[in-house]
Amino acid sequence: MFSVAIMGHGVVGSGVCDALLAQNEKLSRRFGRRIALSYVLDIRDLSGTRYAPYKTESLSVILRDPEVEVVTITIGGLDLAADYCFKALEAGKHVVTSNKAVVASHGCALEKLAFEKGRRFMYEASVGGGIPIIRPLNICLFANNILEIQGILNGTTNYMLTGMFRRHASFDEMLARAQRKGYAEADPTADVDGYDAARKIAILSSIAYGAFVDYRNIPCSGIRNIAYCDHELADKAGFTIKLLAGSRFEDGIIYISVEPKLVPKGHLFSDVNSVYNAILTKGSYTGDTLFYGQGAGKEATASAVVGDIIELISTPRSYSLPEFVKIPSFLYLSALSLFI
Ligand code: HSE
153 MFSVAIMGHG VVGSGVCDAL LAQNEKLSRR FGRRIALSYV LDIRDLSGTR
203 YAPYKTESLS VILRDPEVEV VTITIGGLDL AADYCFKALE AGKHVVTSNK
253 AVVASHGCAL EKLAFEKGRR FMYEASVGGG IPIIRPLNIC LFANNILEIQ
303 GILNGTTNYM LTGMFRRHAS FDEMLARAQR KGYAEADPTA DVDGYDAARK
353 IAILSSIAYG AFVDYRNIPC SGIRNIAYCD HELADKAGFT IKLLAGSRFE
403 DGIIYISVEP KLVPKGHLFS DVNSVYNAIL TKGSYTGDTL FYGQGAGKEA
453 TASAVVGDII ELISTPRSYS LPEFVKIPSF LYLSALSLFI
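Quick note: the sequence shown uses the working numbering, first residue 153, plus one each step.
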């Protein structure tokens, strides 16, 4: 039995619960251990749902239960979620989270604590929704020096930009739709002003270049000032408008930014629409590698969380503590211009 507690039964947390129960037979057959959902921590009223028997409002009940091996933290915000991550690792649990604010702000400290405790801190779902990208960067592409990363990393804004153009819809109308679909953050400022994408490119760049990249220093502008007429003009000139996050590591300098860009039609990113994300990495051995898939939403993000839980069954110890070097000349410069 492999016992998992879920903290937060919102969009992502409820998706993880559903997936664990729905795929339980398959998971047990494949891994030889039954994955048991043991607790769901939330203040919401879950009575009348199939999760009522699992509900608790007490963190310490979960942390004191020796059966619980994995704590999955799918609550939003920063301070409380970070506190839960630290406490769960201190209590000797593995931690899996989808919370990119926590990873971008406290990822190094949490990785270090997990290593000291012989446990793992995992966060595949923090970038790219259902797209596997953290594990490929950490493991599959490890032989490479990563030279560059570019991506459409925010599902909400990509959904909004696509809808504004296709439906002639307003910014507010598309934002409301994205919120209804569960794509947007509780405070959608993080999406529309580019901070969510900044956190994600900071996480990817930290892993890729082995240097802690502080998202607060990233030049960042969002999509607030983009209207239908901009899409129309771009279209006539042969471009599509996308919110792009990019970073490049060259001669000891990191160039990094989050900005709306004009992407020429025919470019790989020009056909990445709706809630889809795409991430292009340039490796010294592989050259370009493209990752594409749904970047937000309940099921896609739950899939990434469940992937981390499953990896813990087979690889419960950290490979090693990621080395975060200090780069002597570490500058944050706008990566590109108006055009991709
Ligand atoms: N609000 C985020 C997005 C959720 O739209 O991409 C997934 O990280």
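Beta carbons: idealized from backbone N, C-alpha and C, even for Gly.
Name the two residues that bound the continuous alpha helix (DSSP H) containing residue i.
i	result
Tyr347	Tyr347 to Tyr361
Thr433	Counting along the chain, Thr433 falls outside any alpha helix (DSSP H), though it belongs to the beta strand (DSSP E) covering Tyr428 to Gly435.
Gly495	Nothing in the structure corresponds to residue 495, since the chain is present only between 153 and 492.
Ala454	Lys450 to Ser466
Lys264	Lys252 to Lys269
Leu414	Segment Ile405 to Pro416 is the beta strand (DSSP E) holding Leu414; no alpha helix (DSSP H) there.
Take residue i and list the residues in its own chain whose beta-carbon comes closer than 7 angstroms to its own, dropping the five residues that flank it on each side.
i	result
Arg287	Glu276
Val168	Ile158, Thr224, Thr226, Ala454, Val457 and Val458
Tyr428	Asn310, Tyr444, Gly445, Gln446 and Gly447
Gln302	Leu396, Gly398 and Leu432
Phe482	Summary for Phe482: the model assigns pLDDT 49, below 50, so the residue's position carries little reliability; its value from the coordinates is reported in the next sentence. Excluding sequence neighbours, Phe482 sits near Ala363 and Ile406.
Ser422	Thr392, Val415 and Pro416
Ala256	Arg351, Ala354, Ile355 and Tyr367
Val163	Gly334 and Lys450
Leu442	Leu420, Ala430 and Leu432
Ile214	Ala157, Tyr191, Leu193, Thr208, Val220 and Val223
Run the proximity test for residue i: is its beta-carbon closer than 8 angstroms to any non-hydrogen atom belonging to the ligand HSE?
i	result
Val427	yes
Glu276	no
Glu242	no
Tyr367	no
Asp345	no
Glu451	no
Cys354	The sequence given here has Ala at residue 354, not Cys. Answer for Ala354: no, Cβ out of range of the ligand HSE.
Tyr335	yes
Asn296	no
Leu230	no
Lys394	no
Thr309	yes
Gly447	yes
Lys207	no
Lys388	no
Leu198	no
Gly459	no
Asp339	no
Leu305	yes
Exposed or buried, which one is residue i when buried takes at least 16 other CB atoms within 10 Å?
i	result
Asn310	buried
Ser210	exposed
Phe273	buried
Ser155	buried
Thr467	exposed
Leu241	buried
Arg368	exposed
Lys478	Confidence at Lys478 is low in this model, with a pLDDT of 48, below 50, so its placement is unreliable and no value can be given for it.
Glu219	exposed
Pro480	Low local confidence applies: a pLDDT of 42 at Pro480 is under 50, so the model's placement there is unreliable, with the coordinate-based value given in what follows. Under this definition Pro480 is an exposed residue.
Phe294	exposed
Phe183	exposed
Ala487	Because Ala487 carries a pLDDT of 49, less than 50, the predicted location of this residue cannot be relied on, and the following value inherits that uncertainty. Buried is the call here.
Tyr437	exposed
Gly291	Note that residue 291 is Ile in the sequence shown, not Gly. With fewer than 16 other Cβ atoms within 10 Å, it is exposed.
Lys413	buried
Arg271	buried
Pro205	exposed
Val279	buried
His320	exposed
Leu305	buried
Asp348	buried
Cys381	exposed
Leu385	exposed
Does any residue of chain C have a CB that is nearer than 9 angstroms to the CB of residue i?
i	result
Asp231	You won't find chain C in this structure, because it holds only one protein chain.
I'd like the span of the beta strand (DSSP E) that includes residue i, first residue to last.
i	result
Tyr335	Note, Tyr335: premise wrong, no beta strand (DSSP E); not H, not E.
Val344	Run containing Val344: none in the beta strand (DSSP E); it sits in the alpha helix (DSSP H), Thr341 to Val344.
Gly398	Phe391 to Glu402
Tyr236	From DSSP, Tyr236 is part of no beta strand (DSSP E) but of the alpha helix (DSSP H) over Asp231 to Glu242.
Ile375	Counting along the chain, Ile375 falls outside any beta strand (DSSP E), and DSSP gives it neither H nor E.
Glu384	From DSSP, Glu384 is part of no beta strand (DSSP E) but of the alpha helix (DSSP H) over Tyr380 to Lys388.
Starting from the C-beta of residue i, find all residues in its chain whose C-beta is less than 6 angstroms away, skip the five residues before and the five after it, and write them out in chain order.
i	result
Met153	Arg186 and Ala188
Met326	Met312, Gly315 and Met316
Lys434	Leu299, Glu300 and Asp440
Ala452	Gly281, Gly282 and Gln446
Ala336	Thr308, Ala330 and Asp343
Val424	Ile304 and Ala430
Ser493	Since the first residue of the chain shown is 153 and the last is 492, residue 493 is not available in this structure.
Looking only at its chain, what residues have a beta carbon closer than 8 angstroms to the beta carbon of residue i, apart from the 5 residues adjacent to it on each side?
i	result
Gly165	Ile158, Met159, Val192, Asp194, Thr224, Thr226 and Ile227
Arg202	Leu173
Pro340	Thr308, Leu327, Ala330 and Gln331
Ser373	Asp345, Gly346, Val410, Glu411 and Pro412
Ile370	Ala350, Ile353, Ala354, Ile408, Ser409, Val410 and Tyr484
Ala338	Gly228 and Gly229
Asn176	Arg186 and Ile187
Ile378	Leu313, Met316, Phe323, Ile393 and Pro412
Considering only heavy atoms of the ligand SAH, does any lie closer than 8 angstroms to the CB of residue i?
i	result
Leu189	Ligands present in the displayed structure are limited to the ligand HSE, and the ligand SAH is not among them.
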